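Heads up, the thing below is written out as structure tokens.
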Amino acid sequence: MADDELETYRLWRIRKTVLQMVHDRGYLVAQEELDQPLETFKEQYGDRPSEKKPARSDLTILVAHNDDPADQMFVFFPEDTKIGIKTIKAICQQMQEQNISRAVIVVQIGMTPSAKQSIGDMAPKYMLEHFLEAELMVNITEHELVPEHVVMTADEKAELLARYKLKDSQLPRIQQCDPVARYFGLRRGQVVKIIRPSETAGRYITYLIDESERQLREEEELLDKVTRGGGLLAVTELTKGEKYDEPITTAWRPPGHIRRQTQSDYENQRKRLGISCEGENIPPPIGSFLEMKFPKTLLEFMQNEKGIVTPTAIQIQGIPVALSGRDMIGIASTGSGKTMTFVLPLVMFCLEQELKLPFMRNEGPFGLIIVPSRELARQIYDLVIEMFDAINKAGLPEMRAGLCIGGVPIGEQAKDFRNGIHIVVATPGRLSDMLTKKIINLEVCRYLVLDEADRMLDMGFEDEIKSIFYFFKAQRQTLLFSATMPKKIQFFAKSALVQPIVVNVGRAGAASLNVLQELEFVRSENKLVRVLECLQKTSPKVLIFAEKKVDVDNIYEYLLVKGVEVASIHGGKDQSDRHAGIEAFRKNEKDVLVATDVASKGLDFQGIEHVINFDMPEDIENYG
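Under this note's numbering, the first residue of the sequence shown is numbered 14, with each subsequent residue one higher.
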């Protein structure tokens, strides 16, 4: 299916869903609109000499409520792939001109933080809801799966409470972020009777729309944002209704003598190494890279260039899982070797693909690694390039990798993808942008890594991540890694992956145990002096973390004045400055690195003697 034709098909399905949704809320929608076939949609919206696909601005909908014609609602389809505050203001201006206070916004990729904030600021004058296109692509023709509901009046609520001798607080709650509540546009404080035939055999349950306590709400919203609407489904799953139930299979097998061992042998080895696993048909742990069947070139590279001779605990179990083609959730402390656990199998798979059929121009990537920060992306990219260079020097086929991060002109990065590429290391925002602009495609991508997955969601990348999965065209192997992975992310991952195996090394949620920790109470005005005193008592290298960018700048300037060889990084600096600071620290040109938590997760620095937290991090995952 051509790109324009596929886009037209998507817009047709999305518009049908929106029409059905507003109809189910009680707004007037003609039956012929609900039943409109694709060909009629093309004739009405896509038949233009200059365009082969509909213009989103032409799809705008205005409907009135059955019970109150004055209650009208707009549905907007903005052209912007990522909606900013200007678009929100333009929408509100159009609503003001027509004296309409309610609207639904259909979002292609995501919204900027300022746009999301402005939606909250506009309430209650303008009630704006937004749905991602990926959400609206699922269960399009199966609206009977959405339960019927009746919103009760104040009198009906009082009668209900009196009849059953209940207090308001005793009514069961349903969260505002619940798909049913979002679908029907329900508000906090409303009492709704939801009919669930499959669950209650024809009876009904009455719910109070509630926000509940802060942590529960945040976790459910996070889960809802990512998993509702099949956020991790490929385009073939969305358009063809396919559902992958079996994991990908590979040609890799453990050595015969390991396969002949018993499950008890495997469990004893895991117990000895502090490894716990969950899942079915878990591959055995393997204690050497040679027995994992890596080529001599890679073994020599790891030993001579990286000083790696034997695998760590996460690698002993995680690499066999990855080589077997299984989806995995990897949980291990910082510095445990997580990166090698997913990079080594990916390099092997890419070499195998290149030997079978060389990658052509504009083809690839086969593997995609998504991380939350530019610094971590560059660190992993550099490792991949080193491995590819070692393979090339050994006379094996040349392989190519690309770096897809913000802060670098998009044209420079686009050049790397034209000659065919095997691996892309990316941050979510820039990757989403390049996919939308068709600079990168994921047609042959079969291996996906989300490193620091919890952090990406906490940083607000959920919309970008959700939209990225639409661009996959076939089943993929998916691996999620993090030093800490809260239950909310584990639940999300288990619902999104295919028969995943959880590999947990040490204590999930904890940083390394091989660290002596000291706590000092210092007045704010004395902190800088105390930091300098600490530096004078320890040898390089030293990391200093602060929560605020302004504190990073103040510490950096103070230490410079005192003659300390210091570098600093935070999100407000240019990408080139951040990269230069990290490289200077890594090459021992600087003794101290001052950073916000942009550098506290995932980056690997050798020879760290001392870590100073300038203030207590708000999030326990950023501590240490």
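Every residue, glycine too, gets a C-beta built ideally from N, C-alpha and C.
Note that the coordinates shown come from a computational prediction; the quantities given were computed from them, not determined experimentally.
What residue range does the beta strand (DSSP E) around residue i cover?
| i | result |
| --- | --- |
| residue 558 | 555-558 |
| residue 472 | That residue, residue 472, is in no beta strand (DSSP E); it is neither H nor E in DSSP. |
| residue 580 | 579-582 |
| residue 542 | Segment 540-549 is the alpha helix (DSSP H) holding residue 542; no beta strand (DSSP E) there. |
Please classify residue i: does DSSP put it in a helix, a strand, or coil?
| i | result |
| --- | --- |
| residue 31 | helix |
| residue 485 | strand |
| residue 621 | coil |
| residue 19 | helix |
| residue 355 | helix |
| residue 139 | coil |
| residue 626 | strand |
| residue 49 | coil |
| residue 87 | strand |
| residue 589 | helix |
| residue 301 | coil |
| residue 115 | strand |
| residue 243 | Low local confidence applies: a pLDDT of 45 at residue 243 is under 50, so the model's placement there is unreliable, and no value is given. |
| residue 455 | strand |
| residue 7 | Limits of the chain in this structure are 14 at one end and 637 at the other, which puts residue 7 out of reach. |
| residue 264 | coil |
| residue 132 | helix |
| residue 214 | With a pLDDT of only 36 at residue 214, under 50, the local geometry of the prediction cannot be trusted, and no value is derived from it. |
| residue 535 | coil |
| residue 433 | coil |
| residue 594 | helix |
| residue 361 | helix |
| residue 257 | coil |
| residue 466 | helix |
| residue 616 | coil |
Starting from residue i, follow the alpha helix (DSSP H) in both directions and report where the run begins and ends.
| i | result |
| --- | --- |
| residue 270 | 269-272 |
| residue 322 | Element bounds for residue 322: n/a, residue is neither H nor E. |
| residue 407 | Unbroken run through residue 407: none, as it is neither H nor E. |
| residue 329 | 326-336 |
| residue 309 | 309-318 |
Would you mind giving the Cβ-Cβ distance between residue i and residue j, rounded to the nearest angstrom? I have them listed as a contact below 8 Å.
| i | j | result |
| --- | --- | --- |
| residue 457 | residue 377 | 6 Å |
| residue 553 | residue 471 | So it is not a contact: roughly 31 Å between Cβ atoms. |
| residue 534 | residue 627 | At roughly 13 Å, the Cβ-Cβ gap does not stay under 8 Å, so residue 534 and residue 627 are not in contact. |
| residue 128 | residue 96 | 5 Å |
| residue 625 | residue 555 | 7 Å |
| residue 334 | residue 296 | 5 Å |
| residue 332 | residue 371 | Wrong, their Cβ atoms sit about 26 Å apart, outside the cutoff. |
Would you mind working out which of the options sits nearest residue i, comparing C-alpha positions?
| i | options | result |
| --- | --- | --- |
| residue 428 | 115, 374 and 22 | 374 |
| residue 434 | 495, 385, 364 and 386 | 364 |
| residue 119 | 146, 547 and 311 | 146 |
| residue 581 | 591, 574, 575 and 587 | 591 |
| residue 514 | 467, 291, 576 and 566 | 291 |
| residue 617 | 625, 595 and 546 | 595 |
| residue 350 | 625, 117, 327 and 338 | 327 |
| residue 545 | 271, 167, 516 and 578 | 578 |
| residue 324 | 306, 311, 339 and 299 | 299 |
| residue 421 | 412, 402, 399 and 447 | 447 |
| residue 463 | 452, 490 and 483 | 490 |
| residue 709 | 430, 31, 481 and 511 | Look at the range of the chain in this structure, 14 to 637, and you will see that residue 709 is not part of it. |
| residue 623 | 564, 550 and 599 | 550 |
| residue 468 | 134, 495 and 305 | 495 |
| residue 166 | 294, 205 and 619 | 205 |
| residue 294 | 117, 116, 262 and 565 | 262 |
| residue 400 | 344, 466, 314 and 432 | 314 |
| residue 609 | 301, 388, 398 and 459 | 388 |
| residue 606 | 588, 548 and 589 | 548 |
Among all the DSSP beta bridges, which residues are the ones paired with residue i?
| i | result |
| --- | --- |
| residue 123 | 95 |
| residue 490 | 460 |
| residue 438 | 382 and 416 |
| residue 341 | 492 and 514 |
| residue 400 | For residue 400, which the question treats as bridged, DSSP gives no partner whatsoever. |
| residue 165 | 204 |
| residue 40 | 78 |
| residue 390 | None, per the DSSP bridge assignment. |
| residue 290 | 516 |
| residue 608 | 558 and 582 |
| residue 145 | 120 |
Could you confirm whether any beta carbon from chain B is found closer than 9 Å to the beta carbon of residue i?
| i | result |
| --- | --- |
| residue 296 | As a matter of chain content, chain B is missing from the structure shown, which is built from one protein chain. |
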